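*Asks:* Residue numbers (the working numbering), protein chains in the order written: chain A, 3 to 561; chain B, 3 to 561.
There are 2 protein chains.
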Amino acid sequence: MARKRNGERLIYLPLGGAGEIGMNAYVYGVGKPDKERLILVDLGVTFPDMDGTPGVDLILPDMSWLIERADRLEAIFITHAHEDHIGAAAHFYRDLGAPIYARAFTANIAKRKMAEHGHPPEAVRVVSAWPEKVKAGPFSVSFLPISHSIPESASLVIDSSHGRLIHTGDFKLDATPMVGEAFDPDLWAEVCRDGVRALICDSTNVFSPKPGRSEKDVGPAITKLVSEAAGMVIATTFASNVARVKTLAEAGQRAGRSVVLLGRAMQRMVEAAVETGVLTDFPGVISPEEARDVPRENLMLLVTGSQGERRAASAQLARGKYRGLTLKEGDLFLFSSKTIPGNERGVIRIINQLSEKGVDVVDDSDGLYHVSGHANRPDIERMHKVVRPQMVIPMHGEHRHLREHAKLAESNGIQGIVAVNGMMLDLSGNAPKVAEYIETGRTYLDGSVKIGALDGVVRDRIRMALNGHVLVTVILDEQDEPLGEPWCETMGVAETGSSNAPLVEILEADLDQFLKRAEAKTLKDDGKLEEALRRVARQSAQNEIGKKPEVTVVISRMR
Amino acid sequence: MARKRNGERLIYLPLGGAGEIGMNAYVYGVGKPDKERLILVDLGVTFPDMDGTPGVDLILPDMSWLIERADRLEAIFITHAHEDHIGAAAHFYRDLGAPIYARAFTANIAKRKMAEHGHPPEAVRVVSAWPEKVKAGPFSVSFLPISHSIPESASLVIDSSHGRLIHTGDFKLDATPMVGEAFDPDLWAEVCRDGVRALICDSTNVFSPKPGRSEKDVGPAITKLVSEAAGMVIATTFASNVARVKTLAEAGQRAGRSVVLLGRAMQRMVEAAVETGVLTDFPGVISPEEARDVPRENLMLLVTGSQGERRAASAQLARGKYRGLTLKEGDLFLFSSKTIPGNERGVIRIINQLSEKGVDVVDDSDGLYHVSGHANRPDIERMHKVVRPQMVIPMHGEHRHLREHAKLAESNGIQGIVAVNGMMLDLSGNAPKVAEYIETGRTYLDGSVKIGALDGVVRDRIRMALNGHVLVTVILDEQDEPLGEPWCETMGVAETGSSNAPLVEILEADLDQFLKRAEAKTLKDDGKLEEALRRVARQSAQNEIGKKPEVTVVISRMR
Numbered sequence: 003m004a005r006k007r008n009g010e011r012l013i014y015l016p017l018g019g020a021g022e023i024g025m026n027a028y029v030y031g032v033g034k035p036d037k038e039r040l041i042l043v044d045l046g047v048t049f050p051d052m053d054g055t056p057g058v059d060l061i062l063p064d065m066s067w068l069i070e071r072a073d074r075l076e077a078i079f080i081t082h083a084h085e086d087h088i089g090a091a092a093h094f095y096r097d098l099g100a101p102i103y104a105r106a107f108t109a110n111i112a113k114r115k116m117a118e119h120g121h122p123p124e125a126v127r128v129v130s131a132w133p134e135k136v137k138a139g140p141f142s143v144s145f146l147p148i149s150h151s152i153p154e155s156a157s158l159v160i161d162s163s164h165g166r167l168i169h170t171g172d173f174k175l176d177a178t179p180m181v182g183e184a185f186d187p188d189l190w191a192e193v194c195r196d197g198v199r200a201l202i203c204d205s206t207n208v209f210s211p212k213p214g215r216s217e218k219d220v221g222p223a224i225t226k227l228v229s230e231a232a233g234m235v236i237a238t239t240f241a242s243n244v245a246r247v248k249t250l251a252e253a254g255q256r257a258g259r260s261v262v263l264l265g266r267a268m269q270r271m272v273e274a275a276v277e278t279g280v281l282t283d284f285p286g287v288i289s290p291e292e293a294r295d296v297p298r299e300n301l302m303l304l305v306t307g308s309q310g311e312r313r314a315a316s317a318q319l320a321r322g323k324y325r326g327l328t329l330k331e332g333d334l335f336l337f338s339s340k341t342i343p344g345n346e347r348g349v350i351r352i353i354n355q356l357s358e359k360g361v362d363v364v365d366d367s368d369g370l371y372h373v374s375g376h377a378n379r380p381d382i383e384r385m386h387k388v389v390r391p392q393m394v395i396p397m398h399g400e401h402r403h404l405r406e407h408a409k410l411a412e413s414n415g416i417q418g419i420v421a422v423n424g425m426m427l428d429l430s431g432n433a434p435k436v437a438e439y440i441e442t443g444r445t446y447l448d449g450s451v452k453i454g455a456l457d458g459v460v461r462d463r464i465r466m467a468l469n470g471h472v473l474v475t476v477i478l479d480e481q482d483e484p485l486g487e488p489w490c491e492t493m494g495v496a497e498t499g500s501s502n503a504p505l506v507e508i509l510e511a512d513l514d515q516f517l518k519r520a521e522a523k524t525l526k527d528d529g530k531l532e533e534a535l536r537r538v539a540r541q542s543a544q545n546e547i548g549k550k551p552e553v554t555v556v557i558s559r560m561r
Numbered sequence: 003m004a005r006k007r008n009g010e011r012l013i014y015l016p017l018g019g020a021g022e023i024g025m026n027a028y029v030y031g032v033g034k035p036d037k038e039r040l041i042l043v044d045l046g047v048t049f050p051d052m053d054g055t056p057g058v059d060l061i062l063p064d065m066s067w068l069i070e071r072a073d074r075l076e077a078i079f080i081t082h083a084h085e086d087h088i089g090a091a092a093h094f095y096r097d098l099g100a101p102i103y104a105r106a107f108t109a110n111i112a113k114r115k116m117a118e119h120g121h122p123p124e125a126v127r128v129v130s131a132w133p134e135k136v137k138a139g140p141f142s143v144s145f146l147p148i149s150h151s152i153p154e155s156a157s158l159v160i161d162s163s164h165g166r167l168i169h170t171g172d173f174k175l176d177a178t179p180m181v182g183e184a185f186d187p188d189l190w191a192e193v194c195r196d197g198v199r200a201l202i203c204d205s206t207n208v209f210s211p212k213p214g215r216s217e218k219d220v221g222p223a224i225t226k227l228v229s230e231a232a233g234m235v236i237a238t239t240f241a242s243n244v245a246r247v248k249t250l251a252e253a254g255q256r257a258g259r260s261v262v263l264l265g266r267a268m269q270r271m272v273e274a275a276v277e278t279g280v281l282t283d284f285p286g287v288i289s290p291e292e293a294r295d296v297p298r299e300n301l302m303l304l305v306t307g308s309q310g311e312r313r314a315a316s317a318q319l320a321r322g323k324y325r326g327l328t329l330k331e332g333d334l335f336l337f338s339s340k341t342i343p344g345n346e347r348g349v350i351r352i353i354n355q356l357s358e359k360g361v362d363v364v365d366d367s368d369g370l371y372h373v374s375g376h377a378n379r380p381d382i383e384r385m386h387k388v389v390r391p392q393m394v395i396p397m398h399g400e401h402r403h404l405r406e407h408a409k410l411a412e413s414n415g416i417q418g419i420v421a422v423n424g425m426m427l428d429l430s431g432n433a434p435k436v437a438e439y440i441e442t443g444r445t446y447l448d449g450s451v452k453i454g455a456l457d458g459v460v461r462d463r464i465r466m467a468l469n470g471h472v473l474v475t476v477i478l479d480e481q482d483e484p485l486g487e488p489w490c491e492t493m494g495v496a497e498t499g500s501s502n503a504p505l506v507e508i509l510e511a512d513l514d515q516f517l518k519r520a521e522a523k524t525l526k527d528d529g530k531l532e533e534a535l536r537r538v539a540r541q542s543a544q545n546e547i548g549k550k551p552e553v554t555v556v557i558s559r560m561r
């Protein structure tokens, strides 16, 4: 292939998802440098935590680069309906304005999100699977079915004058996925027959050495477990794993149990899957109200909250009750799921609460009740061999995953390159080349406002959480002399320290002493006075309680 | 055995460690009810996290119950030198005042801690292993050697007029522990021959179905790995796992590498082990300064921070440099450790930073480079069989562990009872009986101050972290009329919201409007005015940025 066509190049730019698992957002472009026409693949979110992002509602990729170039953006393609791929689409709809393409199930979810944000659902356009093509500027894009842990996942076949790219999206190679299309190696071989310039490939499970197992494999164990249970059975999994939800519901049905769906996501996902024809012959369900009249040994609850989320149905049931239903000794709770790293504490909290109620808990520690939705190492290698690309660009992984994946490709004689968020690659040549580094980052949705990760707002919150907060107010008269004594209020700070007197009194006494001795030029200067008062307050607290709080100083002048 | 002797009873009261993994503190007593003479086994800490205890330095058990009865406390026995067993001893030394007994290595660590707190190291008394006995009021206590992941761990043989108790402390059944005594089944059988009333037993690994492996098992794999490494080798493990540290150092030595110990805990533990004769023929080490002149392929660093602690040597090396040493592409980093649930994020952060530097990371995912220090399920059963107690009281576990352990005992025909913190058991009869519920909890060491977990201080910090903080100041003149306009300052709150004007201006305008319309009786009443201003500020913020911050109101009056 020629290096450039008329000076045009093919670029790849991850704005999210490369160097992390979450908030996927990958830009492709074709055109003269800085004039490329662009498409965006996926636009997802990642979730905040107390460690680094307290109080934040949602983490979005920083899309500034693309927003500035929105006039060059032809279309957005969503590979599947997981939040880390679709969750930010509605949040950036006004900024980007481009049409959103997806397969029916994904589009159904996307339209619901658009409607919730007051955007036109028609901006989401339904596309059929390969061989249907969407023309988007210099690109022609098709949705090639692939198996994953949600219906209608697709890899994208991205064609341009620079040849064919395959962007896998999230995938596994499942011959029996229970819901949706199986991986079809013949179709894939055909699609890739004429050569693929680059495979942009999911890296999540590159450290899992054994071939992945099929969704079908968990059915018998789940069926057996449910049929042998004596009390009520409660099972949790990701609601979007519609195949699993179906397997669980069928296991309940076979055991003569009425099935109840608990949690908004659980109901919404099943609804979307039925509406789009993805899910057929799902067992009939009853409402929580109806369930109250059914003997508990004839009930099977399918609940949200497999990751220990505090507000989800599972956590509420573990704490007490949810929609009138309660758990009892002898009930069985099944985690048909894997705990995502970082969520252990929340999940363990629930398990201990269940233990206190005498509920038996079964999780996946024996590998019986869950299979991953991502390709393991041998499956990734198989994908490389099916596609036979000129180069592999690992994505959807932390740095360690990307690096390992690139090494894996190299070990099989395929070029691999680690490209993290913000690293723009020029894929026009025989080898990938770093074209430019773009500033990227994270945007926080905080209440109803988007704030930059580096704005300092969250940093201040973390500081207050670590150190507590002291407020100092001082009033100065017309002659810049203190009027009365300084006043302190504390929040999140110990009330008494080493001298056993109230901390605020100690602080006020120390501040008062300082004010009485302060020079006129300090008292006249707001900046100097504020800084001095802050220093005195922090030192006073350090002496008394052994730590320095955050301090806000308010100086009021009568003049 | 008779139910009571002269109306005396034998009690067991966990104040920490039962219903959690951490801050172990178990009280035993013999005497007439409420007159028992008491001993305390272990006095440990647990570690804070950002989720629930931001800014806290250390979590201690709430020892109020025992402090109120300190005059009845005969002695404190420490089973081994892990922080969750020894870490709070110096913090409560003044409150409890009792002598502290431990074996030599544990005592060495305890004395260092006492000295750091300015307490007399002599309060710590060194005891030899069984058959030496310590007389403590109605009790006679011996230290029976058992294997664990730290030198000189001991179970306690606690004799009284009510017969013999065995308190295992943390244990595994290791025939080849490399450092310290192997588990000696014959000695144990002899000790338990005449009957054991109760076995108070470690539950940590009750969910691990396979027999535990020996410390010896990791040696060959570690030796092989280190000998094959090309660049510098860095290995981390718990510093207190002296056997592992030795295995790692020897692997380095055999590969012709100079060994460097990095991190305060690593140096201190090796020092204590050498001082007490526990560790002999440890390879010679060089200083970090000397290491700078050694080619990296001839270096082996043993570093602290296996749990991803931000300030530990491992994290500092991963971020940049530590004591003049830096990592490079081609180096090998070994986690000879398991990540404790809840620490995953920190460990993964380090692994990704190492990946960015091109350092290869090897962890224990294949089970080659680490073994647990706790007895697995079959080992626990073996312990039950060796001791043949009348009853099993599971300890050192979360509720799920205790419950499973009790069920395990019952399944083998031994009485088991789940007793969580605060549940006082009367062990005098043929079956354990709940005697009383004691209020227990956690005490936070915060800076230099101890604060109660329910004091609200940390709750306020969490609220500020989640919601941010707004300060409102208002000055009222002699007629209780507002003097000028209200003043706001924010911290941890978005600076602008939906109307694009600075949030403080919006807040001030809304507060000003409110003040102008406020009734005289509101303006005269501090409580009412404060509440009203808070409500207005929160609602104004809600409209503007979609969240309600914590609000502090300061009202200054000129009268």
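Glycine residues also receive a C-beta, built at the ideal position from the N, C-alpha and C atoms.
Quantities reported herein were computed from a predicted structural model and do not represent experimental measurements.
Examine chain B for any beta-carbon lying closer than 8 angstroms to the beta-carbon of Lys34 (chain A), and answer yes or no.
*Replies:* So no, Lys34 (chain A) is outside the interface.
*Asks:* Could one say the Cβ of Arg105 (chain A) lies closer than 8 angstroms to chain B's Cβ atoms, at least one of them?
*Replies:* Arg105 (chain A) does not count as touching chain B.
*Asks:* By how many angstroms is the C-alpha of Leu250 (chain B) removed from the C-alpha of Lys218 (chain B)?
*Replies:* Approximately 12 angstroms between the Cα atoms of the pair.
*Asks:* Can you list the residues of chain A that His386 (chain B) reaches, using a CB-CB cut of under 7 angstroms?
*Replies:* Near His386 (chain B) there are no residues of chain A at all, since even the closest Cβ is about 21 angstroms away, more than 7 angstroms.
*Asks:* Ends of the beta strand (DSSP E) at Leu22 (chain A)?
*Replies:* Inspection of the sequence shows that residue 22 (chain A) is occupied by Glu rather than by Leu. Per DSSP, Glu22 (chain A) belongs to no beta strand (DSSP E) and is neither H nor E.
*Asks:* Using a Cβ-Cβ distance under 8 angstroms, would Gly424 (chain A) count as near chain B?
*Replies:* With 8 angstroms as the cut-off, Gly424 (chain A) does not count as an interface residue toward chain B.
*Asks:* Could you tell me whether the region 132-152 of chain B touches the region 253-260 of chain B, using the rule of 3 or more Cβ pairs below 8 angstroms?
*Replies:* Touching, no.
*Asks:* Would Met3 (chain A) pass as an interface residue toward chain B - the criterion being a Cβ-Cβ separation below 8 angstroms?
*Replies:* In this prediction, Met3 (chain A) has a pLDDT of 43, which is less than 50 and means its spatial position is unreliable; what the coordinates show is noted afterwards. Answer no: the Cβ-Cβ gap between Met3 (chain A) and chain B never drops below 8 angstroms.
*Asks:* If you reduce the DSSP assignment to three classes, tell me which class Ile342 (chain B) lands in.
*Replies:* Ile342 (chain B): coil per DSSP, three-state reduction.
*Asks:* Within 10 angstroms of the Cβ of Arg537 (chain A), are there 16 or more other Cβ atoms? Answer buried if so, exposed if not.
*Replies:* Under this definition Arg537 (chain A) is an exposed residue.
*Asks:* Assign Ala191 (chain A) to buried or exposed, taking buried as 16 or more other Cβ atoms, counted over all protein chains shown, within 10 Å of its Cβ.
*Replies:* By the 10 Å Cβ count, Ala191 (chain A) comes out exposed.
*Asks:* Out of A:Ser308, A:Ile78, A:Asp161, which has the shortest C-alpha to C-alpha gap to Arg347 (chain A)?
*Replies:* Nearest C-alpha to Arg347 (chain A): A:Ser308.
*Asks:* Which same chain residues, not among the five before or five after Gly310 (chain A), have their C-beta less than 6 angstroms away from its C-beta?
*Replies:* The residues are Asn345, Gly348, Val349, Ile352.
*Asks:* Whose Cβ in chain B lies nearer than 7 angstroms to the Cβ of Arg321 (chain A)?
*Replies:* Those within 7 angstroms of Arg321 (chain A) in chain B number zero; the least Cβ separation is about 14 angstroms.
*Asks:* Could you tell me the distance, in whole angstroms, from the CA atom of Gly31 (chain B) to the CA atom of Ile416 (chain B)?
*Replies:* Cα to Cα, the separation comes out at about 23 angstroms.
*Asks:* Looking only at DSSP bridge pairs, what is Trp489 (chain A) linked to?
*Replies:* Paired residues: A:Thr475.
*Asks:* Given that a residue counts as buried once 16 or more other Cβ atoms are within 10 Å of its Cβ, and exposed if not, what is Val29 (chain A)?
*Replies:* The residue in question, Val29 (chain A), is buried, as its Cβ has 16 or more Cβ neighbours within 10 Å.
*Asks:* Which chain A residues sit within Cβ distance under 7 angstroms of His93 (chain B)?
*Replies:* Under the 7 angstroms cutoff, chain A gives no residues; its nearest Cβ is about 13 angstroms from His93 (chain B).
*Asks:* Examine the Cβ distances between the region 509-516 of chain B and the region 484-491 of chain B and report whether three or more of them are shorter than 8 angstroms.
*Replies:* Yes, since at least three Cβ pairs between the region 509-516 of chain B and the region 484-491 of chain B fall closer than 8 angstroms, the two stretches touch.
*Asks:* Hey, Gly139 (chain A) and Thr81 (chain A): beta-carbon distance below 8 angstroms or not?
*Replies:* No. Outside cutoff.
*Asks:* With a threshold of 7 angstroms on Cβ separation, who are the neighbours of Ala4 (chain A) within its own chain once the five nearest residues in sequence on each side are excluded?
*Replies:* Unreliable positioning characterises Ala4 (chain A) in this predicted model, as indicated by a pLDDT of 44, which lies under 50. The coordinate reading is nonetheless provided below. No residues qualify anywhere along the chain.
*Asks:* I want to see whether chain B comes within less than 8 angstroms of Asp462 (chain A), judged by CB atoms only; does it?
*Replies:* Yes, because at least one Cβ of chain B sits closer than 8 angstroms to the Cβ of Asp462 (chain A).
*Asks:* Looking at the secondary structure, which residues open and close the beta strand (DSSP E) in which Gly165 (chain A) lies?
*Replies:* Note, Gly165 (chain A): beta strand (DSSP E), 165-169.
*Asks:* Under a three-way DSSP split, which group does Trp67 (chain A) fall into?
*Replies:* Correct three-state label for Trp67 (chain A): helix.
*Asks:* Anyone know if the C-beta pair for Val262 (chain A) and Leu301 (chain A) falls short of 8 angstroms?
*Replies:* Yes. Within cutoff.
*Asks:* Report the three-state DSSP secondary structure of Pro187 (chain A) (helix, strand or coil).
*Replies:* Helix at Pro187 (chain A).
*Asks:* Tell me the rounded alpha-carbon separation between Asp21 (chain A) and Ala117 (chain B).
*Replies:* Residue identity check: residue 21 (chain A) is Gly in the sequence provided, not Asp. Near 46 angstroms, if we compare the C-alpha coordinates of Ala117 (chain B) and Gly21 (chain A).
*Asks:* Starting from Asp86 (chain B) and walking both ways along the alpha helix (DSSP H), at which residues does that stretch end?
*Replies:* Here the alpha helix (DSSP H) through Asp86 (chain B) covers 85-88.
*Asks:* On the DSSP bridge assignment, give the partners of Glu438 (chain B) in chain order.
*Replies:* Paired residue(s): B:Met426.
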